[in-house]
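Position one of the sequence shown corresponds to residue 127 (the working numbering), numbered consecutively onward. One structure is given here, and the rest of the page talks about it.
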Amino acid sequence: MKKLLLLPIFLCFLVMSACSSEDPIKEELETYLNDDLANIIGLETEAISAYDSVTGVNYTSDQLLYDVLLMDVIPTYQEFMNKLEAIRLESEELREVHEGYIEGVNTQYNAFTRIVTALEYQDRAIIEEANAMLDEARKLLRDFNYNIEKLTKEHGVEMKENFESETTGL
Numbered sequence: 127m128k129k130l131l132l133l134p135i136f137l138c139f140l141v142m143s144a145c146s147s148e149d150p151i152k153e154e155l156e157t158y159l160n161d162d163l164a165n166i167i168g169l170e171t172e173a174i175s176a177y178d179s180v181t182g183v184n185y186t187s188d189q190l191l192y193d194v195l196l197m198d199v200i201p202t203y204q205e206f207m208n209k210l211e212a213i214r215l216e217s218e219e220l221r222e223v224h225e226g227y228i229e230g231v232n233t234q235y236n237a238f239t240r241i242v243t244a245l246e247y248q249d250r251a252i253i254e255e256a257n258a259m260l261d262e263a264r265k266l267l268r269d270f271n272y273n274i275e276k277l278t279k280e281h282g283v284e285m286k287e288n289f290e291s292e293t294t295g296l
């Protein structure tokens, strides 16, 4: 009879200890945002800033755009992409969101290389293809930002306000 009375007490302690244990996704998410991405996000920012400096209202010539893409944007973005792809995550939920980021970054990188090809051949059709890829990359990066924000809310992780603006790409 005493054993039967101890069982509910033991179950209560078991449930309480499970509730008080740290959320493993929360811990991994905090590490992902504060360490993994924080250590490499500057590369993405640097590459996008270089691209922005020669496009849109800052555009002056195809040659300058070509040189900046080839010498600054693509190598820096490739380094960022390689480091992003090297991040290993345990949580399937976070890994899925991270894979979405990788897909967006790869799409954007491929668009940059297509622009270089278009400039080399002076091919308008390739430029249009690259612009469509940039649009797709923007969508994927917006999805990543939405999904990472959703995860942070679900697991009680505070996200830096400037993080989203740094991971939106173009």
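Note that CB positions come from ideal geometry on N, CA and C, so glycine has one too.
Of the residues Q248, Q234, L245 and Y177, the one whose Cα lies closest to the Cα of K265 is Q234. Here DSSP, grouped into helix, strand and coil, assigns E148 to coil. Counting every other CB atom within 10 Å of its CB across the protein chains shown gives L190 a total below 16, marking it as exposed.
In the three-state DSSP reduction, R214 falls in the coil class, being neither helix nor strand.
Here DSSP, grouped into helix, strand and coil, assigns H224 to helix. In the three-state scheme derived from DSSP, where H, G and I count as helix and E and B as strand, V242 is classed as helix.
Taking every protein chain shown into account, the CB of G282 has fewer than 16 other CB atoms within 10 angstroms, so this residue is exposed. Taking C-alpha positions only, Y185 is separated from Y192 by approximately 11 Å. Two segments are said to touch when three or more pairs of C-beta atoms, one from each, lie closer than 8 Å; by this definition the stretch 145–159 does not touch the stretch 176–183. Proximity to V242 across L196, E284, E229 and R214 peaks at L196, based on C-alpha coordinates. C-alpha of L260 to C-alpha of K209: approximately 21 Å in a straight line.
DSSP places A176 within a helical segment (H, G or I) once states are collapsed to three. Judged by beta-carbon spacing, Y272 lies beyond the 8 Å limit of L215, meaning their Cβ atoms are not closer than that value. Contact annotation: L277 and G230 have beta-carbon atoms that are not nearer than 8 Å.
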